[in-house]
Every structure is written in C-alpha cells, then in structure tokens.
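Under this note's numbering, the first residue of the sequence shown carries the number -4, and numbering increases by one thereafter.
A short worksheet on the structure shown next.
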Amino acid sequence: MQNPIKYITLLFLCTLVSCSDVIDVDVQTDTLRLVVEASLDWEKGTTGNEQSITLRTSTPFFETQSTDVIGAEVSVTNDNTGEVNLFTDQNNGTYTTTTFNPELGASYTLEIVYDGETYTASDTLNAVPDITEVYQDTEDGFDDETIELHIVFTDFEEEGDSYFFKFKRPQDLLPTLELGDDEFINGNEVDWWYEIDDDEDEEIKPLAPGDVVNITMHSISRPYYNYMDIVIDQMGGVGIFSATPVDVKGNCINTTNPDKYAHGYFRVTQKNTITYTVE
C-alpha cells in the first residue's frame, strides 16, 4: 500500500508553486491637477504686507514627491479698489509679495495663469476679535482630571461671524483643527475651551505641565467654513458612522477648462496667534 502522506506532501508543494504567479494591479489615476496653497493670513497688529502662495501639481498614487510649479503668473486683486498685487516666482513653487495691503471687509480675487490655463478664486477678509484671556482648568472638559485651555473673546455684534482655531504642540504630528460660528453666541463673550483626549493607539497624551501650545484663531468667510467642515470630517477617518472620504473641491475654478479644476483653497483671513505654556 502506498503511503498517503507522500501524496499529501506532494499536493501541498504543488499548491505552493502554483501560487507564485505575480499579479499586476491597475491603480486608478486621476487627472494631473494644479494644487493651490493660498492662505493670505493677516496677523492682527501687523501690516500683513508679506504674503506667499505655493503651487505644485498633484502626485500619482505610488509617488512620494510632488512637482513644484514654476513659471506661473500669480496675482491677487482687491475687488473694492481694483488694486492688483503681483506675486513673484521664487523658482521653487513659491510666489511672494511684500506689497499686499489687507482691507477688512474687502473681497479679493486670486488669478493664476499656468500651462495655458487660467484659474480664479475669491474670498472675503473679515475682522477677528481680540483674545482677551487665555487660562487653564479642569472643570469644563469631558474629563475632570484632564487639563483644558480656555480662549476668551467677545464676538462682534454683527451676525455671521465664523472662526477657525488651530492648536499645536511641538510633539504633535498634526494640529487639532476646530470651527465655530456665532449662531448662538452673537455679540457675547465666548469662552472656547480645548482638551486633548488620551489616545494610546496614536501615542497622544493629554495636556501636561510644561507643554507649549501654539494657538491660532482666524476669522473666516462662510464658504471657507463650509469647506473646512468637510475637510475636518474627512480627517477623522472612516468608521461605522463616518462618511466615506470624497474628493473635496475648493474654490479654485479653471475658467479655461472647468473639468480640470484645481485642488486647494484660496482664503483671506485676519488672525490672532498666542503661545501658551501649561502650568
């Protein structure tokens, strides 16, 4: 009688050999698009004349380095006065100006001419309230043993103010981004608090004495608020109750070829920046 173990072993080896074929997987590729990083942020208390815009092209799936855009024509126009600010090509994907003149309440239009196509985008510059106090305690957060920071300001009486907050410690890989509006706080003093939850999987620790937190508060337009609301939701990842990530379109329109829109957003904001050391 033949030993059945020999036949089983032979069959197993044949199975291993038959699984050695290389399978090529076709990855979907999107249209190569212009990527616009155009955040004209005016630090309150400064002239705001120095501004920069970064342009690059989108990156294919398996590539890690983007391509800097050189040779574009970049300008920003104050729609109220017609004043045109030309941005100088630094030959590294960055375009700069030292003559920007920020005007509260003004609408600004960005124009980019690149590779025979014209892109435009518009945004409005709104005033940001003064931050009157920054303090810490453990009373208002989700965990009464965790330190939270409080940013106090008074919302303007005019309705329709929208705010964008960014909190960042040097040891954090990414900042925390938050949005707010004055729908229920119009004209009142606001105490905006910020707390970090302990996350062992992401190696994120709550605020602790000695931590340095860089805080930025922007006053933003409502269209930018709506855009960032989607972006922040997408950054949260995909869970059971989360929306599937989608291609988030900014406000940069290709007037030459509308289907070839750009990624990114053109924003104009006034901001407050504060550095706080946790005690």
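Ideal Cβ positions, reconstructed from N, Cα and C, are used throughout, including at glycine.
Since this is a predicted model, take the numbers as computed values, not measurements.
DSSP three-state label for residue i, please.
i	result
I65	coil
N183	coil
N221	helix
V273	coil
D177	coil
D142	What sits at residue 142 in the sequence shown is Ile, not Asp. The answer is coil: DSSP assigns I142 none of H, G, I, E or B.
D193	coil
V123	coil
D228	helix
V243	coil
G40	coil
Y109	strand
T211	strand
Y256	coil
F82	strand
A33	strand
G234	Only weak support is given to the placement of G234: the predicted model assigns it a pLDDT of 46, under 50, and the value that follows is read from those uncertain coordinates. Note: G234 maps to coil in three-state DSSP.
N96	coil
S53	coil
Q46	strand
T91	strand
N75	coil
Which partner residues of residue i appear in the DSSP bridge assignment?
i	result
N249	Y114
R28	None, per the DSSP bridge assignment.
E128	V147
L172	K161
F137	Beta-bridge pairing links F137 to no other residue.
K266	E38, H213
Can you round the beta-carbon distance between residue i and residue j to whole angstroms, since I take them to be within the 8 angstroms contact cut?
i	j	result
G182	F160	About 20 angstroms separates the two Cβ atoms, so there is no contact after all.
N121	I215	7 angstroms
Y220	G245	Between G245 and Y220 the Cβ distance is about 13 angstroms, and since that is not below 8 angstroms, they are no contact.
T76	S102	Not really, about 11 angstroms apart at Cβ, beyond 8 angstroms.
L172	I227	5 angstroms
Who are the near neighbours of residue i in its chain, counting only those whose CB is closer than 8 angstroms to its CB and skipping five residues on each side?
i	result
I65	D84, N86, N87, G88
R28	T52, S53, K255, Y256, A257, H258
L99	L120, N121, A122, Q265
P218	D118, N246
D74	A101, S102, Y103, T104, S117
E154	D177, N181
G111	T251
D224	L174
Grab me the residues of residue i's own chain with a C-beta within less than 7 angstroms of its C-beta, minus the 5 sequence neighbours each way, in chain order.
i	result
D135	E143, W188
T315	Since the first residue of the chain shown is -4 and the last is 274, residue 315 is not available in this structure.
F236	With a pLDDT of only 49 at F236, under the threshold of 50, the placement of this residue in the model should not be trusted, and no figure is reported.
G43	W37, F95, P97
D150	P124, D156, D177, I180, N181, G182, N183, V185
M212	V123, I126, I146, Y158, F160, K266, N267
T49	E32, G88, T89
I'd like the list of long-range same chain contacts for residue i, defined as Cβ closer than 6 angstroms, with 5 residues on each side in sequence excluded.
i	result
S92	It should be noted that the sequence gives Thr, not Ser, for residue 92. Cβ within range, chain order: Q46, N80, F82.
K163	P170, N209
D206	R164, V273
D193	P201
V30	R51, S53, H258, G259
F137	none
V263	L35, Y103, D118, L120
Say yes only if the C-beta of residue i is nearer than 6 angstroms to one or more non-hydrogen atoms of the ligand GDP, and no if none qualify.
i	result
Y271	Only the bare structure without any ligand can be found here, which leaves the ligand GDP out of the picture.
Under 7 angstroms, Cβ to Cβ, is there at least one residue of chain C near residue i?
i	result
P201	Protein chains in the displayed structure number just one, and chain C is not present.
Any chance the region 155 to 170 sits against the region 107 to 117, with 3 or more Cβ pairs inside 8 angstroms?
In this structure the region 155 to 170 does not touch the region 107 to 117; the number of beta carbon pairs closer than 8 angstroms is below three.
Three or more C-beta pairs closer than 8 angstroms, one from the region 68 to 80 and one from the region 100 to 112: is that the case here?
Touching, yes.
Pairing CB atoms from the region 263 to 271 with CB atoms from the region 116 to 131, are three or more of them under 8 angstroms?
Enough Cβ pairs lie closer than 8 angstroms, so yes.
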